[in-house]
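Residue numbers (this note's numbering): 626 to 750.
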Amino acid sequence: MTDDLLQLRVSGIETMVLTGIYSEETHLPQPLRVSVTVDLALPEHKYAPDTPLAESKNYLDLKRAVTESLPEGLHFTLIEAVADHVCAVLFAEDARVLRVEVTIVKLAISENGEEIGIRMVRNRA
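Encoded structure:
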């Protein structure tokens, strides 16, 4: 067993999501800034200059887990549920994904540039 791993990261994805607990939040999508990092198991061999993409993971898969996999019209009471959904999608898509980290910033409640939100880390069970 080795501690080697590959981390892929996509950060600063801005997307609109139905989320919130207050009445003013529950009928309109809110802007979220989402970042995703996944840890992948590395193959035993080193990456060569001509290694095909299938030997890694497409960064766009991380972006799509945020921008395309969230069910349209579904209201997530907590942004924690949004993060859990993204984690579940990435684990289901690729058995090499060992760990997923999702950071979500709620842009609508930021008044002075602060980043208010969560960071969730899930490991493959």
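Built from N, CA and C at the ideal position, the CB exists for glycine as well.
All values reported here derive from a predicted model rather than from experimental measurement.
| Asked | Found |
| --- | --- |
| Meets three-Cβ-pair contact criterion under 8 Å: the segment 686-693 and the segment 711-727 | yes |
| DSSP three-state assignment for Met626, whether helix, strand or coil | Note that Met626 scores a pLDDT of 49, beneath 50, so its modelled location is shaky and nothing firm can be said. |
| Three or more C-beta pairs below 8 Å linking the segment 626-637 and the segment 660-673 | yes |
| Other residues of its chain near Met641: CB distance less than 8 Å, five sequence neighbours each side excluded | Pro654, Gln655, Pro656, Leu657 |
| Within-8 Å CB hit, Leu687 to chain B | Within the model displayed, chain B is absent; a lone protein chain is all it includes. |
| Nearest-angstrom Cα separation, counted from Asn748 out to His725 | Note that residue 725 is Val in the sequence shown, not His. Distance between the alpha carbons of Val725 and Asn748: 6 Å. |
| Short Cβ contact (8 Å threshold) for Glu705 with Ile743 | yes |
| The beta strand (DSSP E) enclosing Arg658, as first and last residue numbers | 655-666 |
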